[in-house]
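S.K.:
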Amino acid sequence: MFLDEDKPGQKELFNVLKAYSILNPKVGYCQAQAPIAAFLLMHMPAEQAFWCFVTVCDRYLLDYFTPGMEMLQRDAAMLNALLKKTSPSVYRHLQKRKVEPLLYMTDWFLCAMTRTLPWDTLLRVWDCFLCEGIKTLFKVALVILGASLSQHKVRRACSGLCETLEVLRSPSPSILEEEFIMHHIVRLNLTVDDFKVEHERQALAYRKAKSS
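Numbering (the UniProt record's numbering), first residue to last: 1 to 212.
1. Between the stretch 38-45 and the stretch 8-18, can you find at least three pairs of beta-carbon atoms closer than 8 Å?
2. Only counting the same chain, and skipping five residues up and downstream in sequence, which positions put a Cβ closer than 7 Å to that of M105?
3. When you compare only the Cα positions, how much space is there between M44 and L204?
4. Residues in its own chain within less than 6 Å of H184 by CB, not counting five upstream and five downstream?
5. Is it buried or exposed for G146, if we count other Cβ within 10 angstroms and need 16 for buried?
6. With distances taken from CA atoms, which of E198, V27, K153, Y60 is nearest C131?
7. Let me confirm a value: L23 is counted as buried when at least 16 other C-beta atoms fall within 10 Å, else exposed. Which label applies?
8. Please name the residue, chosen from T164, E179, P25, that lies closest to W119 on a Cα-to-Cα basis.
9. Does the count of Cβ pairs from the stretch 169-178 and the stretch 194-202 closer than 8 Å reach three?
10. Can you tell me whether Q31 is buried or exposed? The criterion is at least 16 other CB atoms within 10 Å of its CB, across all chains shown.
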């Protein structure tokens, strides 16, 4: 749909991304926007896809695509803190191997999982994403992290940063299955207050760092 130049998909994708860059010149175009726009174009006409894309970028992924990507950096720190709560052994492994969150979560969050999950899983996750917003991406990321590195033998085999990133960037297909992801999202047992408290904590830390 989007690979062939003679097909309408590529032209529509270009038009959606160009129109958004004109509507929001402060953000402009970012390569990570393309998979999201393409996903929307698979479900609706170009004009509807454009306005849906605007809503996703300006409401759910606010400030993710601005220069410096400050919001993404804050959410990376928030993901790390939530991981410490949900999967302490995985958190310790990543700390020990000096695997910073931005090294593995950037593509997950910037592309809203469109380049990570198989189609059936992606549809279920996006149903949740459109209802709950960014919290859904955190939950999916926590499930992938926890499941990928939960076993001691896997962590032991990941003796360094590169080996760990290889596991996280290429999760087992069984981990990405629809039922597995949705089942383990529920089992995370994270409340709205958990997200709210951590968000406020990271926002405060960010303001202090910026003012110092």
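Just so it is clear, CB atoms sit at the ideal spot from N, CA and C, and this is done for glycine as well.
M.R.: Straight from the coordinates:
1. Contact annotation: the stretch 8-18 touches the stretch 38-45, with at least three C-beta pairs closer than 8 Å.
2. For the purposes of this step, residue 105 is identified with residue 105 of the sequence shown, where counting begins at 1. So the qualifying residues of the chain are A76, L79, A141.
3. Position 44 of the sequence shown holds residue 44. Position 204 of the sequence shown holds residue 204. Looking at the backbone, the Cα of M44 and that of L204 are separated by about 40 Å.
4. Indexing the sequence shown from 1 puts residue 184 at position 184. If we look at H184 and ignore the five residues flanking it on each side, its Cβ neighbours are V143.
5. Here residue 146 refers to the residue found at position 146 of the sequence shown. G146 is buried by the Cβ-count criterion.
6. As a first step, residue 131 must be located in the sequence shown, where it is residue number 131. When only C-alpha atoms are compared, the closest one is Y60.
7. Here residue 23 is taken as the residue at index 23 of the sequence shown, counted from 1. Around the Cβ of L23, a 10 Å sphere holds fewer than 16 other Cβ atoms; the residue is exposed.
8. For this step, residue 119 is matched to residue 119 along the sequence shown. It is E179.
9. Fewer than three beta-carbon pairs drawn from the stretch 169-178 and the stretch 194-202 are found closer than 8 Å, and the two stretches are therefore not classed as touching.
10. Locating residue 31 in the sequence shown gives position 31, where the first residue counts as 1. Exposed, since its Cβ has fewer than 16 Cβ neighbours within 10 Å.
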